[in-house]
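**Q** First the structure, then my questions, so here it is.
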Amino acid sequence: MPTVHDWINSPLGIVDGLFAQSISCPDWEKKVVEYFKEKLKLNDTHSWVPSLNDVPLHYLKPNSLVKFRCMVQDMFDPEFFMGVYEMNDPTSNSKQVKCGKYKDITEGGQVDFNSRNTVTSERQTFYCVPIPGESQWLSLTAQNSFAGTSQARVVPSTSYVPNRHKRSYEEDDEMDTQPQQMKDADMGRYRYGGRYISHGNIEPKRQETEAPSHDSSPSHCTSSLDLNFPLPGEKGPACLVKVYEDWDSFKLNDMLEVFGILSVDPALSVIADEREASSLLDPTEGMETVEEQKVHSPPASLVPRLHMLYAQPLVHNNPLLPSNLSSVLGELASIRAELLTYLTHVLLGDSLAAEYLILHLISNVYSRQDVLPLGKFTLNLSGCPHSSPFTEHLYKVIQQLVPSSYRLCMSLHNMNNQRMVPRKDYTANRLLSGTLQLANNTSLFLDETQLEQGQLDATGVRNITALGNLISWQKVDYDFNYHQMEFSCNINVLITSEGRSLLPSDCQVHLRPTLNPPNLEEYLSAVQVAQVPSQLNKYRIYLSVARAVNYTISDEITKAVEEDFVEMRKDDPQSMSAEDLHRLLDVARLLSLSHGQNTLSRDGWMKAKQLEALRISRTPQQKCVNGNEP
Numbered sequence: 001m002p003t004v005h006d007w008i009n010s011p012l013g014i015v016d017g018l019f020a021q022s023i024s025c026p027d028w029e030k031k032v033v034e035y036f037k038e039k040l041k042l043n044d045t046h047s048w049v050p051s052l053n054d055v056p057l058h059y060l061k062p063n064s065l066v067k068f069r070c071m072v073q074d075m076f077d078p079e080f081f082m083g084v085y086e087m088n089d090p091t092s093n094s095k096q097v098k099c100g101k102y103k104d105i106t107e108g109g110q111v112d113f114n115s116r117n118t119v120t121s122e123r124q125t126f127y128c129v130p131i132p133g134e135s136q137w138l139s140l141t142a143q144n145s146f147a148g149t150s151q152a153r154v155v156p157s158t159s160y161v162p163n164r165h166k167r168s169y170e171e172d173d174e175m176d177t178q179p180q181q182m183k184d185a186d187m188g189r190y191r192y193g194g195r196y197i198s199h200g201n202i203e204p205k206r207q208e209t210e211a212p213s214h215d216s217s218p219s220h221c222t223s224s225l226d227l228n229f230p231l232p233g234e235k236g237p238a239c240l241v242k243v244y245e246d247w248d249s250f251k252l253n254d255m256l257e258v259f260g261i262l263s264v265d266p267a268l269s270v271i272a273d274e275r276e277a278s279s280l281l282d283p284t285e286g287m288e289t290v291e292e293q294k295v296h297s298p299p300a301s302l303v304p305r306l307h308m309l310y311a312q313p314l315v316h317n318n319p320l321l322p323s324n325l326s327s328v329l330g331e332l333a334s335i336r337a338e339l340l341t342y343l344t345h346v347l348l349g350d351s352l353a354a355e356y357l358i359l360h361l362i363s364n365v366y367s368r369q370d371v372l373p374l375g376k377f378t379l380n381l382s383g384c385p386h387s388s389p390f391t392e393h394l395y396k397v398i399q400q401l402v403p404s405s406y407r408l409c410m411s412l413h414n415m416n417n418q419r420m421v422p423r424k425d426y427t428a429n430r431l432l433s434g435t436l437q438l439a440n441n442t443s444l445f446l447d448e449t450q451l452e453q454g455q456l457d458a459t460g461v462r463n464i465t466a467l468g469n470l471i472s473w474q475k476v477d478y479d480f481n482y483h484q485m486e487f488s489c490n491i492n493v494l495i496t497s498e499g500r501s502l503l504p505s506d507c508q509v510h511l512r513p514t515l516n517p518p519n520l521e522e523y524l525s526a527v528q529v530a531q532v533p534s535q536l537n538k539y540r541i542y543l544s545v546a547r548a549v550n551y552t553i554s555d556e557i558t559k560a561v562e563e564d565f566v567e568m569r570k571d572d573p574q575s576m577s578a579e580d581l582h583r584l585l586d587v588a589r590l591l592s593l594s595h596g597q598n599t600l601s602r603d604g605w606m607k608a609k610q611l612e613a614l615r616i617s618r619t620p621q622q623k624c625v626n627g628n629e630p
């Protein structure tokens with residue numbers, strides 16, 4: 001069995017070895033993918049692979065196997081590369097056929113572009129970013145459990161890399177003083193049609209996003225670069241993922257864990273600089289504009305390239321979720337009771353609001369009927385105090401419980417200035433991200449208590465409309481200037497407000513505190529700190545498992561619900577509408593799942609009716625509490 005050094009530290013050696021057998025094994029490319037898939041299935045070998053999410057780039061060995069937990073932020077045009085090329089070796093005066101797959105730059109010798117052995121292939125490029133809004137607890141846990149890498153394994157095996165990485169910058173600077181011909185020979189680059197190309201980039205038409213790095217080098221970066229993260233203030237690496245097969249199976253905003261070969265050759269940055277300078281001197285040099293070139297070829301030290309060997313779609317990004325859900329189903333009821341107590345303290349003693357908050361946190365779009373998303377449960381928690389730390393602390397609690405979340409303060413400034421809907425930039429040929437470009441299962445916390453009096457401008461109105469469409473239809477219409485393109489999503493939306501929210505919701509619960517602590521901030525902080533990590537982990541597992549359980553209703557219960565609906569409308573048809581029944585069924589479904597039950601029982605139906613009756617009885621109270629109409 002090959003050692004870790006063979007397939008993790010030097011995966012290109014494995015690729016080249018299988019390529020050498022291509023005459024006797026025509027499907028060698030398939031063998032490459034199968035080889036690495038099999039390696040990653042063995043025991044916990046996937047945890048040996050260093051992660052771009054957790055390990056600084058300068059600690060990773062170039063051309064080694066790494067993994068990246070990410071979201072597809074943009075999809076670029078296909079590019080052509082030389083899958084097979086012939087190299088002239090000046091030292092031995094011989095020719096050698098080489099594999100160009102999983103590589104950006106040729107090394108040594110001179111490429112014979114006229115060789116009959118040359119095979120031009122095609123690959124796709126995805127611009128990938130870390131999953132937006134990932135909670136800090138997830139990043140810490142991922143290092144040890146969720147396809148995460150152990151720092152103890154990574155640092156010693158690549159301890160020489162930082163110095164080597166630093167020298168690459170020095171070598172990059174020295175390139176400028178070398179004769180042009182020597183530079184071309186050293187980096188395997190040649191003139192083609194008036195442009196410099198790497199071994200694979202024959203007149204490529206592609207889109208890459210220029211982006212900043214938090215450890216960027218001054219030699220590459222003279223101005224602020226945009227990583228194009230959907231959420232403001234996000235940190236982490238962005239990556240250009242090169243996809244060689246089945247790229248049609250991936251979609252925008254997909255969550256992936258990508259295993260691939262890391263490419264950070266400084267020559268990529270030099271090529272980009274020279275291409276840009278060439279087009280400035282002669283605009284006819286290439287078809288790409290200067291703006292496109294700036295975002296298409298960011299320095300590899302800032303935005304590394306990752307040549308995909310294998311990608312695993314992620315249904316969720318909770319590292320704690322067990323592979324066998326049935327093993328924890330029996331514990332859900334007891335964990336639910338503990339979580340209910342915790343959230344009741346957070347909500348100042350309001351156990352009913354805590355019940356509905358649990359239902360909201362486990363809600364999930366499980367199906368779509370025409371345009372109607374089934375399973376969503378947007379909760380409006382009204383009665384929240386204005387100008388207090390309550391909503392901020394409530395968000396921190398939710399952030400502790402879910403893998404990904406974002407709090408949007410709905411201030412007038414944010415509504416009028418923040419780009420929420422992604423927009424196509426045709427000048428730079430890229431998709432400019434927006435706040436609502438989120439991965440599935442993200443918890444979006446809309447803090448309406450921050451909204452002050454004032455006038456919404458055109459941008460503000462569009463943002464409010466986009467939020468309303470997201471809540472009602474679980475979709476975001478991306479702006480492509482001349483048309484809009486609809487993207488479905490699955491985002492949990494919680495709205496906190498003083499009175500009834502100006503946004504639509506599936507359920508409104510008016511907060512009715514029974515506790516009045518003298519110092520609200522100290523109280524909420526103490527409640528939060530009292531939860532030990534092991535207890536929080538139980539809540540995190542509970543919420544993810546409850547979302548994943550399949551749910552059914554028996555014919556017997558369906559008939560009983562129908563009869564009950566007719567009975568409730570007998571005396572007053574207006575007392576129970578079809579919309580009320582739909583909400584009641586949603587509450588019953590979520591209530592059953594929250595107790596670890598995958599089907600509705602008569603007791604569960606009665607409990608749901610009781611909860612809804614209590615919730616509705618509070619609604620008239622809003623008028624006297626807040627002075628607002630419900």
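For the sequence shown, position 167 matches number 167 in full-length UniProt numbering, and the numbering has no gaps at all.
Where a beta carbon is used, it is the ideal one built from N, C-alpha and C, also for glycine.
Just so you know, these numbers come straight off a predicted model, no measurement behind them.
To the nearest angstrom, how far is it from the Cα of D479 to the Cα of Y523?
**A** If I take the Cα positions, the gap works out to 44 Å.
**Q** With a threshold of 16 other CB atoms inside 10 Å of the CB of E174, please say whether the residue is buried or exposed.
**A** Low confidence applies to E174: its pLDDT is 40, below 50, so where it sits in the model is not reliable enough to give any reading.
**Q** To the nearest angstrom, how far is it from the Cα of P62 to the Cα of Y85?
**A** Spanning the two alpha carbons is a distance of roughly 22 Å.
**Q** For F250 and T125, I'd like the C-alpha separation in whole angstroms.
**A** Computed Cα separation, rounded: 11 Å.
**Q** Assess, as a yes-or-no matter, whether the segment 592-604 is touched by the segment 539-555 under the definition of 3 or more beta carbon pairs within less than 8 Å.
**A** Yes, the segment 539-555 is in contact with the segment 592-604.
**Q** Using only the alpha-carbon positions, how far apart do S577 and F565 sit?
**A** Roughly 9 Å separates the two Cα atoms.
**Q** Suppose contacts are defined by Cβ-Cβ distances below 8 Å. Is T427 in contact with E288 by that definition?
**A** Their beta carbons are not under 8 Å apart, which means T427 does not touch E288 by this criterion.
**Q** Evaluate H360 with the Cβ neighbour count: other Cβ atoms within 10 Å of its Cβ, from every protein chain shown; 16 or more gives buried, anything less gives exposed.
**A** By the neighbour-count rule (16 or more Cβ atoms within 10 Å), H360 is buried.
**Q** Tell me, to the nearest whole angstrom, how far the beta carbon of residue 688 is from that of L321; I am working on the premise that it is less than 8 Å.
**A** Absent from the model: residue 688. The displayed extent of the chain is 1 to 630, so no value can be given.
**Q** Do the segment 534-544 and the segment 325-341 make contact, defined as three or more Cβ pairs closer than 8 Å?
**A** Yes: at least three Cβ pairs fall under 8 Å.
**Q** Given that a residue counts as buried once 16 or more other Cβ atoms are within 10 Å of its Cβ, and exposed if not, what is M606?
**A** The residue is exposed, with fewer than 16 neighbouring Cβ atoms inside 10 Å.
**Q** With three or more C-beta pairs closer than 8 Å as the rule, is the segment 487-497 touching the segment 443-463?
**A** Taking 8 Å as the limit for Cβ pairs, the verdict is that the segment 487-497 does touch the segment 443-463.
**Q** So within the segment 433-512, which uninterrupted beta strand (DSSP E) runs reach at least 3 residues, ignoring any that extend past its ends?
**A** Entirely contained in the segment 433-512, the beta strand (DSSP E) runs reaching 3 residues are, in chain order, 443-447, 475-479, 484-488, 492-496 and 507-510.
**Q** Between Y244 and F36, is the Cβ-Cβ spacing less than 8 Å?
**A** No.
**Q** Whose C-alpha, out of Q136, Q369, C99 and W473, is nearest the C-alpha of P533?
**A** Comparing Cα-Cα distances from P533 to each of Q136, Q369, C99 and W473, the minimum goes to Q136.
**Q** Please report the residue range of the beta strand (DSSP E) in which N88 lies.
**A** Per DSSP, N88 belongs to the beta strand (DSSP E) from E79 to D89.
**Q** Would DSSP call Y102 helix, strand or coil?
**A** Correct three-state label for Y102: coil.
**Q** Roughly how many whole angstroms lie between the Cα atoms of E498 and V55?
**A** Computed Cα separation, rounded: 43 Å.
**Q** In terms of residue numbering, what span does the beta strand (DSSP E) encompassing K242 cover?
**A** K242 -> beta strand (DSSP E) spans C239 to V243.
**Q** D370 to F390, Cα distance in whole Å?
**A** Near 39 Å, if we compare the C-alpha coordinates of F390 and D370.
**Q** Whole angstroms are fine: how far does the CA of Q450 sit from the CA of D555?
**A** The alpha-carbon atoms of D555 and Q450 are separated by roughly 47 Å.
**Q** Do you know offhand how far R419's Cα is from Q455's?
**A** Distance between the alpha carbons of R419 and Q455 is about 17 Å.
**Q** DSSP state of T257, grouped into three classes?
**A** This sequence places Glu at residue 257; Thr is not what is there. In this structure, E257 counts as strand in the three-state DSSP scheme.
**Q** With distances taken Cα to Cα, identify the nearest neighbour of L584 among G468, L515, C507 and Q531.
**A** For L584, the nearest C-alpha among the options comes from C507.
**Q** Kindly identify the DSSP beta-bridge partner or partners of E134.
**A** S404.
**Q** Any chance the segment 464-473 sits against the segment 567-582, with 3 or more Cβ pairs inside 8 Å?
**A** Touching, no.
**Q** Nearest to L436 by CA position, among N417, D457, Y406 and N429, is which residue?
**A** Measuring from the Cα of L436, the nearest candidate turns out to be Y406.
**Q** Tell me the DSSP secondary structure of D176 in three-state form.
**A** Any reading at D176 must be qualified, since the residue scores a pLDDT of 40, below 50, and its modelled position is unreliable; no value is offered.
**Q** Going by Cα to Cα distance, which pick from E38, H58 and P319 is closest to T141?
**A** If we check each option's Cα against that of T141, P319 comes out closest.
**Q** Less than 8 Å between the C-beta atoms of L231 and Y127, yes or no?
**A** Contact: no.
**Q** Does K376 come out as helix, strand or coil in the three-state DSSP assignment?
**A** Coil at K376, not helix or strand.
**Q** Rounded to whole angstroms, what's the CA-CA distance from R462 to Y395? Just pull it up for me.
**A** Straight-line Cα distance between these residues: approximately 25 Å.
**Q** Please say whether P132 and L237 have beta carbons closer to each other than 8 Å?
**A** The amino acid at residue 237 is misidentified as Leu; the sequence shows Pro. Contact: no.
**Q** By how many angstroms is the C-alpha of T465 removed from the C-alpha of E452?
**A** Their backbone Cα atoms lie some 18 Å apart in a straight line.
**Q** Which one of S297, V129 and H393 has the shortest CA to CA distance from C70?
**A** Closest option to C70, Cα to Cα, is V129.
**Q** For L340, tell me which candidate among D104, V49 and Y542 has the shortest Cα-Cα distance.
**A** Ranking the options by Cα distance to L340, first place goes to Y542.
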